[in-house]
Amino acid sequence: MKLRPRSLFLAAFFLVHTSSCITVDNRMGSDLVPANQIIHIYTADFEAPMYTATADSLNMSSPPYIEFGSLNTPLFGKTSSSSVIQIAPYAYQTEYGKDPVVENMFVHIPLSGRTIFQEQDRYTPQNVYVYKLIKDLDHLSVYHNSFSEDFIDPIPVNKPGYIYLGGDTLYLEFKKSFAYELLQADSAERVNPDEFAKRFKGLYFTTEPYKGTEPGGRINYLDMEEANLYLNYKSEGGDSLITYFFNIYNTYYNISSHESSHLATKEPASALYYEGLAGVKPCLDAAALAKQIKSWGDQQVPPIQTSQLLVSRAQLVMPVPIPQDGDYTAVDNAPEKLFPCTWVDKDTLVYHRPLREVNQENHGGTMNRTHWEYTYEITSYIQELLKKQEFAEKDNLWILPTYSYSTNQGEVYEVDNFTYRNTLFNGNLSDRPPYVRITYAVLQL
54 MKLRPRSLFL AAFFLVHTSS CITVDNRMGS DLVPANQIIH IYTADFEAPM YTATADSLNM
114 SSPPYIEFGS LNTPLFGKTS SSSVIQIAPY AYQTEYGKDP VVENMFVHIP LSGRTIFQEQ
174 DRYTPQNVYV YKLIKDLDHL SVYHNSFSED FIDPIPVNKP GYIYLGGDTL YLEFKKSFAY
234 ELLQADSAER VNPDEFAKRF KGLYFTTEPY KGTEPGGRIN YLDMEEANLY LNYKSEGGDS
294 LITYFFNIYN TYYNISSHES SHLATKEPAS ALYYEGLAGV KPCLDAAALA KQIKSWGDQQ
354 VPPIQTSQLL VSRAQLVMPV PIPQDGDYTA VDNAPEKLFP CTWVDKDTLV YHRPLREVNQ
414 ENHGGTMNRT HWEYTYEITS YIQELLKKQE FAEKDNLWIL PTYSYSTNQG EVYEVDNFTY
474 RNTLFNGNLS DRPPYVRITY AVLQL
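54 is the number of the first residue of the sequence shown in the numbering used here; add one for each residue after it.
1) State the start and end residues of the unbroken alpha helix (DSSP H) segment that holds residue 433.
2) Taking C-beta to C-beta, are residue 139 and residue 281 nearer than 8 Å?
3) Rounded to whole angstroms, what's the CA-CA distance from residue 153 to residue 248? Just pull it up for me.
4) When DSSP labels each residue in this structure, what does residue 287 get in the three-state scheme?
5) Applying the 10 Å Cβ sphere with the 16-neighbour rule, what's the burial state of residue 209?
6) Taking C-beta to C-beta, are residue 339 and residue 231 nearer than 8 Å?
7) Out of 171, 96, 93, 184, state which residue places its alpha-carbon closest to the alpha-carbon of residue 383.
8) Leaving out the 5 sequence neighbours to the left and right, which residues in its chain are closer than 7 Å to residue 354 when beta-carbon positions are compared?
9) Could you name the residues of the same chain whose beta carbon sits closer than 6 Å to that of residue 428, not counting the 5 residues immediately before and after it, in chain order?
10) Taking the straight line between their C-alpha atoms, what separation do you get for residue 465 and residue 411?
11) Can you tell which of 376, 434, 433, 401 has the C-alpha that lies nearest to the C-alpha of residue 423?
12) Given 8 Å as the limit, is there contact between the region 452 to 471 and the region 392 to 404, that is, 3 or more CB pairs closer than that?
13) Between the alpha carbons of residue 268 and residue 475, how many angstroms are there, rounded?
14) Taking just the CA atoms, how far does residue 234 sit from residue 243?
15) Which one of 457, 425, 168, 211 has the shortest CA to CA distance from residue 414?
16) Can you say whether residue 480 is buried or exposed, counting buried as having 16 or more other CB atoms within 10 angstroms of its CB?
17) Can you tell me which of 262, 296, 217, 112 puts its alpha carbon nearest to the alpha carbon of residue 143?
18) For residue 246, name the three-state secondary structure that DSSP assigns.
19) Buried or exposed: where does residue 380 fall if 16 or more other Cβ atoms within 10 Å of its Cβ makes it buried?
20) According to DSSP, which residues form a beta bridge with residue 393?
21) Please check the pair residue 186 and residue 302, which I expect to be a contact at CB under 8 Å, by giving their CB distance rounded to whole angstroms.
22) Between the alpha carbons of residue 432 and residue 97, how many angstroms are there, rounded?
23) Residues in its own chain within less than 6 Å of residue 204 by CB, not counting five upstream and five downstream?
24) How big is the Cα-Cα spacing for residue 348 and residue 362?
25) How many Å lie between residue 356 and residue 439 at the Cα?
26) As an exercise, report each continuous alpha helix (DSSP H) stretch of at least 4 residues that is fully enclosed by the region 334 to 374, in chain order.
27) Rank 320, 291, 486, 279 by C-alpha distance to the C-alpha of residue 117 and give the top, closest one.
28) In whole angstroms, what is the alpha-carbon distance linking residue 158 and residue 223?
29) Return helix, strand or coil for residue 385, following the three-state DSSP convention.
30) According to DSSP, residue 305 sits in a beta bridge with which residue or residues?
31) Go ahead and pull the three-state DSSP assignment for residue 201.
32) Could you pull out every residue in the same chain whose Cβ sits closer than 6 Å to the Cβ of residue 112, ignoring the five residues on either side in sequence?
33) Can you tell which of 106, 94, 99, 95 has the C-alpha that lies nearest to the C-alpha of residue 320?
34) Which one or two residues does DSSP pair with residue 322 in a beta bridge?
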């Protein structure tokens with residue numbers, strides 16, 4: 054396994070000869086091991102105490118794409134998603150002229166992707182509704198259930214009858230009454246997006262919930278960074294145009310509702326459930342795993358204290374049901390990348406952040422269809438776990454989808470808070486339960 058520089062210290066614990074074009078400093082980490090120690094490497098497997106939980110605390114703000122749609126799937130039930138986002142005029146126009154007369158206002162929003170579970174739903178008609186916000190978006194309320202209808206004017210601002218047929222672009226026209234409201238912006242609001250947002254709170258994109266009990270429906274992902282709203286009007290005998298952008302530099306987030314909470318349970322089960330957005334997710338119980346490792350150590354001859362364990366590698370292995378009769382439906386519906394995440398408190402918010410092993414070149418995260426399992430690198434997590442005396446819910450591991458993007462500092466991984474997929478994992482009562490494999494050495498005290 055080739056590791057990035059931040060993880061090279063692990064090499065000190067493997068006393069095996071490897072051939073590589075990279076020069077390895079075998080002294081790395083030697084100061085951690087007393088001179089009189091002879092290191093032997095062992096492995097031990099532990100049952101991974103997993104359960105299914107609802108992801109109510111999943112942060113839905115600043116997604117790469119906003120979305121709207123609704124669908125119904127077997128087992129997980131109905132899911133609906135909507136989004137809120139602010140707009141602002143480009144600052145080059147500070148005056149709108151005298152007695153402006155609106156011609157039209159419209160937007161073309163490119164589609165970045167979609168989720169469907171049946172091909173015939175690709176072009177299913179969906180009514181599109183856009184409402185204006187009448188309350189400020191609370192920067193501290195960025196979870197899937199933070200939003201309510203109290204935030205919107207109940208009369209849509211887009212013209213009635215707009216139906217999205219699943220094409221590459223969503224086209225909408227807005228009512229002239231809404232355009233006239235925007236033309237009332239004063240000079241400060243025209244040039245300052247923050248001032249504009251104080252008066253014009255933003256827009257809410259949605260559609261009606263999926264109807265019927267049969268599987269079907271579609272969720273659409275919209276690329277707001279590539280979209281502008283255009284307001285054409287006449288003033289003092291001339292034609293004028295105001296261009297508005299979707300303010301992805303301020304508050305915007307997705308909203309979702311789910312029917313899958315009945316699948317959440319702390320009790321061992323034969324299956325674990327994964328659902329995108331704020332749906333149910335597999336979790337690992339940190340306290341139960343630490344207790345299991347301590348009990349194992351007490352049973353060794355001589356007993357091993359957790360402080361004696363020098364962990365060089367740890368993996369979480371999560372098998373999935375092996376498809377029967379060529380039915381790959383469940384695994385094909387799984388997200389492309391999953392990785393263990395922990396809670397991080399920041400100000401008054403909770404974020405989920407992938408373990409730092411996600412930066413390794415071979416960190417796991419994709420399904421191995423030879424062995425029908427996911428294997429995740431969790432070494433740093435286990436190292437920290439063995440140091441703890443007390444545990445809280447934030448110490449548990451959440452299996453969440455991730456995506457990455459490139460920066461000047463390298464690849465950055467984030468939790469995917471916009472893609473909807475679902476799938477099954479094997480539970481602790483299955484024939485192939487999840488487990489944690491630790492590669493370790495024992496320090497003599």
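Ideal Cβ positions, reconstructed from N, Cα and C, are used throughout, including at glycine.
Taking the coordinates as given:
1) 432 to 438
2) no
3) 22 Å
4) strand
5) buried
6) Result no, Cβ atoms of residue 339 and residue 231 do not sit closer than 8 Å.
7) Taking only the C-alpha atoms, the option nearest residue 383 is 171.
8) none
9) 368, 370, 417
10) Rounded to the nearest angstrom, the two C-alpha atoms are 9 Å apart.
11) 376
12) With a cut-off of 8 Å, the region 392 to 404 and the region 452 to 471 count as touching, because enough Cβ pairs lie within range.
13) 13 Å
14) 13 Å
15) Residue 457 is the option with its Cα nearest to residue 414.
16) buried
17) 296
18) If DSSP states are grouped into helix, strand and coil, residue 246 belongs with the helices.
19) exposed
20) 452
21) With a Cβ gap of about 17 Å, residue 186 and residue 302 do not count as contacting.
22) 14 Å
23) Same-chain partners within the cutoff: 186, 188.
24) 14 Å
25) Pairing residue 356 with residue 439, the inter-Cα distance amounts to about 16 Å.
26) As far as the region 334 to 374 is concerned, its whole alpha helix (DSSP H) runs of at least 4 residues are 339 to 352.
27) Comparing Cα-Cα distances from residue 117 to each of 320, 291, 486, 279, the minimum goes to 279.
28) 14 Å
29) Correct three-state label for residue 385: helix.
30) 138
31) Three-state result, residue 201: coil.
32) 195, 404
33) 106
34) DSSP, once it has assigned bridges, lists no residue as partnering residue 322.
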